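A.B. asks:
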Amino acid sequence: MNKTLDLTKTVFDLCASDPEVILIMQSLGFEQIANPALLNTAGRIMTIPRGAKARGIDMDVIMDTFEREGYHVIGKEGNRNE
1 MNKTLDLTKT VFDLCASDPE VILIMQSLGF EQIANPALLN TAGRIMTIPR
51 GAKARGIDMD VIMDTFEREG YHVIGKEGNR NE
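Numbered per this note's numbering, the sequence shown spans residues 1 to 82.
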């Protein structure tokens, strides 16, 4: 079953709909995502692309990782052909 990761959604919404996102993001260097207080505050306004930019994490690495985990990445930055 293919899962979808929409890069236009907030981190909170993505994690609420699929808790596996938390584990994958932790492995990518977003350690704070495991903190419920941060997820419930900053996570409600932060998207993965904005968080990646703030932390200096390459979006190609993020998209490749989610694709390897069986996700179809969509959203503005999720389409590599845009």
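From the three backbone atoms N, C-alpha and C, an ideal C-beta is built for every residue, glycine too. Owing to the predicted nature of the structure, the values given are computational and were not obtained by experimental measurement.
Using 10 angstroms around the beta-carbon of Ile48, count the other beta-carbons present and answer buried if the total reaches 16, otherwise exposed.
C.D. replies: Classification for Ile48: buried.
A.B. asks: Suppose contacts are defined by Cβ-Cβ distances below 8 Å. Is Arg50 in contact with Phe30 by that definition?
C.D. replies: For Arg50 and Phe30, no; Cβs fall outside 8 Å.
A.B. asks: Since I believe Ala37 is in contact with Ile22 (beta carbons under 8 Å), could you give me their beta-carbon distance rounded to a whole number of angstroms?
C.D. replies: About 14 Å separates the two Cβ atoms, so there is no contact after all.
A.B. asks: Just grab the DSSP bridge partners of Thr8 for me.
C.D. replies: Answer is none; Thr8 lacks a bridge partner.
A.B. asks: From Leu39 to Ser27, what does the alpha carbon distance come to, in whole angstroms?
C.D. replies: Taking the straight line joining both Cα atoms gives about 16 Å.
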